[in-house]
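Chemist: Here's a structure for you.
Number of protein chains: 2
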Amino acid sequence: MNSFDASTQVERSTDDPGVSTGSFDGSWQVGNGINGGVVLSTTARGLAAALGDDRHPDPLAITGTYLSASTAGPLTVTAEVARRGGSISSGTATLAQPDAAGALQTRAIVQGVFGDLSQLPDDSEVRRDPPQMPAPEDCLPATMAPPHITESAKYLNNLDLRFDPATVQWALGQPARRGMIQAWVRFPDGREPDPFALLFLVDCLPPVLADFGRFGWSPTLQLSAYIRARPAPGALLVRHETEHVSGGQFEEDVRIWDSEGTLVAQGRQLARTPRA
Amino acid sequence: MNSFDASTQVERSTDDPGVSTGSFDGSWQVGNGINGGVVLSTTARGLAAALGDDRHPDPLAITGTYLSASTAGPLTVTAEVARRGGSISSGTATLAQPDAAGALQTRAIVQGVFGDLSQLPDDSEVRRDPPQMPAPEDCLPATMAPPHITESAKYLNNLDLRFDPATVQWALGQPARRGMIQAWVRFPDGREPDPFALLFLVDCLPPVLADFGRFGWSPTLQLSAYIRARPAPGALLVRHETEHVSGGQFEEDVRIWDSEGTLVAQGRQLARTPRA
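Chains A and B, in that order, give the protein sequences. Just so we're aligned: 183 in the UniProt record's numbering is position 183 of the first sequence, and the numbers increase by one with no gaps anywhere. Just so we're aligned: 213 in the UniProt record's numbering is position 213 of the second sequence, and the numbers increase by one with no gaps anywhere.
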């Protein structure tokens, strides 16, 4: 099984339809914990399982607030249905893990709206075109990143991630200071993107502060993902941007376009800057 | 009492510290319901009351998912504390109202992170400057808006709202089609802005689709607000933008700058386009 699916899959309890269990794989580690997008996607899968709604299989808007760093190992998602509607369903879910003493620690609280992307009208009245981007073969693979990046972000090894060279000058000690990083991303085993993968991919690049020469653990306070369309097969263009770093906090805005140039996801998070 | 404060204030139950009650004033009506920013701010006040945490008085990141349209009249906020930390506290809350038959209907579910904006470092390392904007006296007051706007958005009468003339050509039947509306906003009675008012003000302008000549009720699926700084006294510059309208949905991005040019809030919502 694909490593992302293995780490985000959950099994619904036969006793309680609101409860699902799973296990994080340590290969998704970044900084002190498991990648926040993996946490979001896993919790959303638990919420989808609780909704059990074939009419509304796709996450449309999912937000998570992070309470403590997730770790490799077992997890439980406890979900509550808020509303089953005609075109959308909504609910909340909590992801928890046992700590070293066996006490359950809440990692994230999530709220989400689910619908059916294939039922949305196939219009695109207004759109921002995908950015200019060199072809994947002219981009820099994450495996060439300096060790202080790949060691603190092991999950990068789970992806075929190729950076736009113009946006990774920070890796050479010459940050461009524009607040933007973009890359082509796909799973190396050919697993094609889908809406639950997009919930992770809105958090898949290094924190955009790297473009200002600042590295280290940037804990997310809250992360929202809007899934706008089902992605076509192939590599995705993922762009992280920030325009405001102040008070020890920054917003990270993410756009993802699929191989056909369709905007398929938007993400935004409020995070703390790394401690100096 | 200021009309916004009167409609968003809540009183904490003496029996259950997680429960607060209040009442929406009908003057905050827009389309089929009460303005979504007023709902967000009211629910956040109930969550803050449940946290009861003097160390973390300010909303930092608040997200609401909307389940049904709120109406004028009594409301109950039921909140649950998720975590009380050293620098932030978090929790969830639900706002409900009795329907005509007296059954409680959930209007919105909210999750929020609270902290102390005055304790954040006073740095601003990276910032986007406020946009160019004519002086308030050279802008167009909302009271000059055509009746089909002010009748479907009564709450505009509660604000001193002055549109940048270049962004309200839609009111003259000539939409600029740039996906942007901006205005100076303040409370007409001199009530100065604060973080809870900002939770409302990220939803205070007409839906940005008006700039494409599309009017009508645009129900919000999910709305997030990040409060970045305490606003200085005076009028706020509020800008709504969209760059992607597709599949019957659009995102609305909001930035708010205070009278000193500080970015004080960011908002984003996923909403549905009005039915044709």
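We put the beta carbon where it would ideally sit given N, CA and C, even for glycine. What you are looking at is a predicted structure, and each value in this text was computed from that prediction instead of being measured.
#1: Does Q222 (chain A) come within less than 9 Å of chain B when only Cβ atoms are used?
#2: Cα-Cα, which of A:G26, A:V202, A:T273, A:A79 is closest to S7 (chain A)?
#3: In chain B, which residues lie with their C-beta within 7 Å of the C-beta of S3 (chain A)?
#4: Is there at least one Cβ from chain A nearer than 9 Å to residue 295 (chain B)'s Cβ?
#5: Between which two residues does the beta strand (DSSP E) carrying H240 (chain A) extend?
#6: Beta strand (DSSP E) containing L209 (chain B): first to last residue?
#7: Under 9 Å between the Cβ atoms of A61 (chain A) and I256 (chain A)?
#8: Closest Cβ-Cβ distance between L140 (chain B) and chain A: below 9 Å?
#9: What residues in its chain sit with their C-beta under 7 Å from that of P206 (chain A), if we drop five residues either side in the sequence?
#10: Rounded to whole angstroms, what's the CA-CA distance from G173 (chain A) to Q132 (chain B)? Just pull it up for me.
#11: If contact is defined by three or more beta carbon pairs under 8 Å, each pair taking one atom from either stretch, is the region 216-225 of chain A in contact with the region 49-66 of chain A?
#12: Okay, do the region 241-253 of chain A and the region 139-147 of chain A touch, 3+ Cβ pairs below 8 Å being the bar?
#13: Runs of 4 residues minimum, wholly inside the region 30-83 of chain B: which ones carry the alpha helix (DSSP H) assignment?
#14: Could you check whether the Cβ of D122 (chain B) sits closer than 9 Å to any Cβ belonging to chain A?
#15: Quick one: give me the first and last residue of the alpha helix (DSSP H) that I88 (chain A) is part of.
#16: Please check the pair A235 (chain A) and V168 (chain A), which I expect to be a contact at CB under 8 Å, by giving their CB distance rounded to whole angstroms.
#17: What would DSSP say about T220 (chain B), mapped onto helix, strand or coil?
#18: Do three or more CB pairs link the region 194-213 of chain A to the region 24-43 of chain A at distances below 8 Å?
#19: Is the Cβ of I88 (chain B) closer than 9 Å to any Cβ of chain A?
#20: Taking Cβ positions only, does F24 (chain B) come closer than 9 Å to chain A?
#21: Any beta carbon from chain A within less than 9 Å of R239 (chain B)'s own beta carbon?
#22: Let me check understanding here. Comparing Cα to Cα, which of A:A50, A:A265, A:P134 lies closest to H240 (chain A)?
#23: Here's a check: name, in chain order, each residue in its chain whose Cβ is nearer than 7 Å to the Cβ of G31 (chain B), leaving out the five neighbours to either side.
#24: In the DSSP assignment, find the beta strand (DSSP E) that holds F163 (chain A) and state where it starts and stops.
#25: Roughly how many angstroms lie between the CA atoms of V10 (chain A) and L237 (chain A), to the nearest whole one?
#26: Considering just the uninterrupted stretch of the beta strand (DSSP E) at F250 (chain A), what are its terminal residues?
#27: For Q182 (chain B) and chain A, any beta-carbon pair shorter than 9 Å?
#28: In chain order, what are the residue ranges of uninterrupted alpha helix (DSSP H) at least 4 long that sit wholly in the region 91-123 of chain B?
#29: Please identify, using Cβ separations under 7 Å, the residues of the region 100-114 of chain A that lie next to chain B, in order along the chain.
#30: Does any residue of chain A bring its CB to less than 9 Å from the CB of R162 (chain B)?
#31: With DSSP run on the structure shown, which of helix, strand or coil describes M133 (chain A)?
#32: Just reading off the alpha helix (DSSP H) that T8 (chain B) is part of, what are its end residues?
#33: Below 7 Å on C-beta distance, what does Y155 (chain B) contact in chain A?
#34: Would you say E260 (chain A) faces chain B, with C-beta separation under 9 Å as the test?
#35: On the DSSP letters alone, give me the boundaries of the alpha helix (DSSP H) that L198 (chain B) sits inside.
#36: Could you tell me which chain A residues have their CB closer than 9 Å to the CB of R228 (chain B), listed as they occur along the chain?
Modeler: According to the structure data:
#1: Against the first sequence, residue 222 (chain A) aligns to sequence position 222. With a threshold of 9 Å between beta carbons, Q222 (chain A) makes contact with chain B.
#2: By 1-based counting over the first sequence, the position of residue 7 (chain A) is 7. Checking every option, the nearest Cα to that of S7 (chain A) belongs to A:G26.
#3: What you label residue 3 (chain A) is simply residue 3 of the first sequence in a count that begins at 1. Simply none; closest approach about 29 Å.
#4: Past the edges of chain B, shown from 1 to 276, lies residue 295 (chain B), and the structure says nothing about it.
#5: For the purposes of this step, residue 240 (chain A) is taken as the residue at position 240 of the first sequence. Element bounds for H240 (chain A): 236-241.
#6: Position 209 of the second sequence holds residue 209 (chain B). Premise fails: L209 (chain B) is in no beta strand (DSSP E) and is neither H nor E.
#7: Residue 61 (chain A) sits at position 61 when you count from the first residue of the first sequence. Residue 256 (chain A) sits at position 256 when you count from the first residue of the first sequence. Contact: no.
#8: By one-based count along the second sequence, residue 140 (chain B) stands at place 140. No, no contact with chain A.
#9: Your numbering for residue 206 (chain A) matches position 206 in the first sequence. Closer than 7 Å at the Cβ level, and outside the excluded window around P206 (chain A), lie I149, A153, I181.
#10: Start at 1 with the first residue of the first sequence, and residue 173 (chain A) comes out as number 173. Start at 1 with the first residue of the second sequence, and residue 132 (chain B) comes out as number 132. Distance between the alpha carbons of G173 (chain A) and Q132 (chain B) is about 35 Å.
#11: yes
#12: no
#13: Segments of the alpha helix (DSSP H) lying fully in the region 30-83 of chain B: 36-51.
#14: On the second sequence, position 122 is the one that residue 122 (chain B) refers to. With 9 Å as the cut-off, D122 (chain B) counts as an interface residue toward chain A.
#15: Numbered from its first residue, the first sequence carries residue 88 (chain A) at position 88. Run containing I88 (chain A): none; DSSP gives neither H nor E here.
#16: One-based indexing of the first sequence puts residue 235 (chain A) at position 235. One-based indexing of the first sequence puts residue 168 (chain A) at position 168. Not really, about 17 Å apart at Cβ, beyond 8 Å.
#17: The count along the second sequence starts at 1 and reaches residue 220 (chain B) at position 220. Residue state, collapsed to three classes: strand.
#18: Yes, since at least three Cβ pairs between the region 194-213 of chain A and the region 24-43 of chain A fall closer than 8 Å, the two stretches touch.
#19: Within the second sequence, the letter at position 88 stands for residue 88 (chain B). By this cut-off, I88 (chain B) is an interface position.
#20: Here residue 24 (chain B) refers to the residue found at position 24 when the second sequence is read from its first residue. Proximity of F24 (chain B) to chain A, defined by a Cβ-Cβ separation below 9 Å, is not satisfied.
#21: Residue 239 (chain B) sits at position 239 when you count from the first residue of the second sequence. So no, R239 (chain B) is outside the interface.
#22: Numbered from 1 along the first sequence, position 240 holds the residue referred to as residue 240 (chain A). Nearest option by C-alpha distance: A:A265.
#23: As a first step, residue 31 (chain B) is located in the second sequence; it is residue number 31 there, counting from the start. Annotation for G31 (chain B): S152, W217 place their beta carbon closer than 7 Å to its own, counting only its chain and skipping 5 residues before and after.
#24: Stepping through the first sequence from its first residue, residue 163 (chain A) is reached at position 163. Here the beta strand (DSSP E) through F163 (chain A) covers 160-163.
#25: Counting from one through the first sequence, the residue named residue 10 (chain A) turns up at place 10. Counting from one through the first sequence, the residue named residue 237 (chain A) turns up at place 237. Rounded to the nearest angstrom, the two C-alpha atoms are 28 Å apart.
#26: To locate residue 250 (chain A), count along the first sequence from 1; it is residue 250. Unbroken beta strand (DSSP E) run through F250 (chain A): 249-257.
#27: The residue labelled residue 182 (chain B) in the question sits at position 182 within the second sequence. Chain A, which has no Cβ nearer than 9 Å to the Cβ of Q182 (chain B), makes this no.
#28: Those alpha helix (DSSP H) runs which fall completely within the region 91-123 of chain B and span 4+ residues do not exist here.
#29: From the region 100-114 of chain A, only T106, I109, Q111, V113 have a Cβ closer than 7 Å to chain B.
#30: Position 162 of the second sequence holds residue 162 (chain B). No, because no Cβ of chain A sits closer than 9 Å to the Cβ of R162 (chain B).
#31: Your numbering for residue 133 (chain A) matches position 133 in the first sequence. The answer is coil: DSSP assigns M133 (chain A) none of H, G, I, E or B.
#32: As a position in the second sequence, residue 8 (chain B) is number 8, starting the count at 1. Taken as a continuous stretch (DSSP letters only), the alpha helix (DSSP H) holding T8 (chain B) covers 3-8.
#33: On the second sequence, residue 155 (chain B) is found 155 positions in, with the first residue counted as 1. Against chain A, a Cβ distance below 7 Å from Y155 (chain B) picks out nothing, because the smallest value is about 24 Å.
#34: One-based indexing of the first sequence puts residue 260 (chain A) at position 260. Chain B, which has no Cβ nearer than 9 Å to the Cβ of E260 (chain A), makes this no.
#35: As a first step, residue 198 (chain B) must be located in the second sequence, where it is residue number 198. Here the alpha helix (DSSP H) through L198 (chain B) covers 195-201.
#36: Working through the second sequence from its first residue, we reach residue 228 (chain B) at position 228. Here the neighbours are H244, S246, G247, Q249, E251, L270.
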